[in-house]
């Protein structure tokens, strides 16, 4: 359905009357595409507000959009004109003036910029800020968003309504919601960060007099008058909306603040990818996920995330009545995935009812499979492929055969507790034979510990360090590992281009789809950078030797003469 028809349906729906509707819309204006919010009231379009500050880093490529000033926008669609009776609407950065308060728009990235619109809006008397955002999940990123919102209303006073997208939107990103309402630097309501809900409503009753009282300071008044005097136009353009927000008799309104709730990083890892996997499965209408269990930490972690998804699905299906009852959409999806009839009354009784079978090897894989509800067969894959190992190396056909045998196994269920064995096990790739004198270990093969790889990854992506910069930063810690890291990085970088799309969770993610755009062919010896490193070592060595000439025992005070 064309977007114009969707907007026309929203405008024509009498159930929306009496509410100020804020919805997103791509708008083609003067043959240029804009990322916009459309504010509507009682079947009328009040304002089309284009995004003014555009994100162009990380996963965002918004410079394809353009900025826009306040002007008339000619409605191009007959569907909208028939509903609204309007030929044109205001387009640009303006303020909605209600009978008893005013409202301004701040869009997503604009909250993160040094000169955020809420500053100028607040100085111009705007009391309510609305922000419809598309901010994706990264570990600990929610702290930054919440602090920015609370600081915005703590400095300027006002009410901040923040609504963030929640769920997978068809790519590697999960948008982690947490809609919230802030008043004068305190949080009065917030939604969930991770959820299977299609729609979530967050509401609060606030006293605008509290906000107005907070703005009566002389310092704020001085800044406001100075800002007006320094601009060519004294204030933002006002668009009147004939609607009253407040109550006639405001008794008992307002409530105490809520503490900000943050999941621990390990909880974020368990919940974010789990919600993302569920959205992927239900959108693609798949029958679930196939996971080859090797008994190593990687397949263990992946399996536990899938089990976390099963737990969330089970909770949504068995939600008690006092919490809103079962999620009907999730219940319909899980019945389809588990092969139940659409009109049945089946409800999963445990997360294991939602988990199903996969393949693997040996004891740890068997224990985990039994714990999380996987059907497990202890099959020696090496014996099965003996006939063809003369043609392929050990790791080439295992995944192929694992898929083949997985199709032959039925679904079944079991139960949970066992993860310590996986944490204690030495990470191995399991592609080299183990002998009495040799056991393959990932960290030994790489030459760098996993903790070190995390440090190097952050320095490369977040701090934008190349070989020389990283070597300089780590000179007194692990400078030799820095050179080894870039050597192995250059040799293996091309392999990233073939990886299956995965969940974006960290600010130093090496995903090269759009987050970490870079070449896939590097000169592995980095002759120029490594040459600079060699020169640096020579200079520092010469400096150290020179310093030692002046080092010696401290002078004896008794030998001094007056």
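In full-length UniProt numbering, the protein residues as written are 1 to 562.
C-beta: ideal position from N, C-alpha, C; glycine also.
Fair warning: this is a prediction, and the values are worked out from it, not measured in the lab.
Item, Value
"Between which two residues does the beta strand (DSSP E) carrying residue 91 extend?", "88-91"
"To the nearest angstrom, how far is the alpha carbon of residue 545 from that of residue 262?", "52 Å"
"What's the gap between the Cα of residue 543 and the Cα of residue 532?", "16 Å"
"Between residue 61 and the rest of its own chain, which residues show a CB-CB distance below 8 Å, the 5 nearest in sequence each way excluded?", "514"
"Looking only at its own chain, which residues have a Cβ that is under 6 Å from the Cβ of residue 235, when we skip the five neighbours before and after it?", "124"
"Apart from the five residues just before and just after residue 346, which ones in its own chain have a Cβ nearer than 7 Å to its Cβ?", "335, 340"
"Does the region 153-160 come close enough to the region 291-304 to have 3 or more Cβ pairs within less than 8 Å?", "no"
"Where are the alpha helix (DSSP H) runs, 4 residues long or more, that stay fully inside the region 304-340, in chain order?", "328-337"
"Along the chain, where does the beta strand (DSSP E) that runs through residue 74 open and close?", "71-74"
"Could you work out which residue in 160, 134, 149 is closest to residue 102 when comparing CA atoms only?", "160"
"Do residue 182 and residue 130 have their C-beta atoms within less than 8 Å of each other?", "no"
"Give me the Cα-Cα distance between residue 484 and residue 504, rounded to the nearest whole angstrom.", "26 Å"
"Note down, in chain order, each residue of its chain lying with its Cβ closer than 6 Å to the Cβ of residue 477, except the 5 sequence neighbours on either side.", "none"
"Which residue wins for smallest C-alpha separation from residue 369, given the options 332, 290, 534, 343?", "290"
"Would residue 106 and residue 54 qualify as a contact pair, given that the criterion is a beta-carbon distance under 8 Å?", "no"
"For the region 121-209, which segments carrying the beta strand (DSSP E) assignment without a break, of at least 3 residues, lie completely within its bounds, in sequence order?", "128-133, 159-164, 166-168, 174-176, 180-183, 186-190"
"Taking 6 Å as the limit between beta carbons, can you name the residues of its chain near residue 121, skipping five residues before and five after?", "104"
"Quick one: grab the DSSP three-state call for residue 23.", "strand"
"Since residue 12 and residue 83 should fall inside the 8 Å C-beta cutoff, what is the C-beta to C-beta distance between them, to a whole number of angstroms?", "5 Å"
"Since I believe residue 493 is in contact with residue 471 (beta carbons under 8 Å), could you give me their beta-carbon distance rounded to a whole number of angstroms?", "The Cβ separation is near 19 Å, so there is no contact."
"Of the residues 337, 324, 140, which one's Cα is nearest the Cα of residue 272?", "140"
"Taking the continuous alpha helix (DSSP H) assigned at residue 85, which residues delimit it?", "That residue, residue 85, is in no alpha helix (DSSP H); it is neither H nor E in DSSP."
"Using the three-state DSSP reduction, which class does residue 59 fall into: helix, strand or coil?", "coil"
"In whole angstroms, what is the alpha-carbon distance linking residue 539 and residue 469?", "16 Å"
"Taking residue 100 as the reference, which of 113, 126, 112 has the closest Cα?", "126"
"For residue 41 and residue 165, what's the separation of their Cα atoms in angstroms?", "22 Å"
"Give the DSSP bridge partners of residue 35, in chain order.", "26"
"In angstroms, rounded to a whole number, what distance separates the CA positions of residue 8 and residue 202?", "25 Å"
"Count the other CB atoms within 10 Å of the CB of residue 343; is the residue buried (16 or more) or exposed (fewer)?", "exposed"
"Under the three-state reduction of DSSP, which class applies to residue 598: helix, strand or coil?", "As displayed, the chain neither begins before 1 nor continues past 562, which places residue 598 out of reach and without an answer."
"Assess contact between the region 270-284 and the region 306-317, defined as three or more Cβ pairs (one per stretch) separated by less than 8 Å. Is contact present?", "yes"
"Below 7 Å CB to CB, which residues in the same chain sit around residue 563 once its five sequence neighbours on both sides are set aside?", "Nothing about residue 563 can be read from this structure; the chain reaches only from 1 to 562."
"Is residue 14 buried or exposed, if buried means 16 or more other CB atoms sit within 10 Å of its CB?", "exposed"
"Pick helix, strand or coil for residue 104, following the three-state DSSP scheme.", "strand"
"Using a Cβ-Cβ cutoff of less than 7 Å, which residues in the same chain neighbour residue 142 once the five nearest sequence positions on both sides are dropped?", "176, 178, 193, 262"
"What is the residue span of the alpha helix (DSSP H) that residue 5 lies within?", "3-12"
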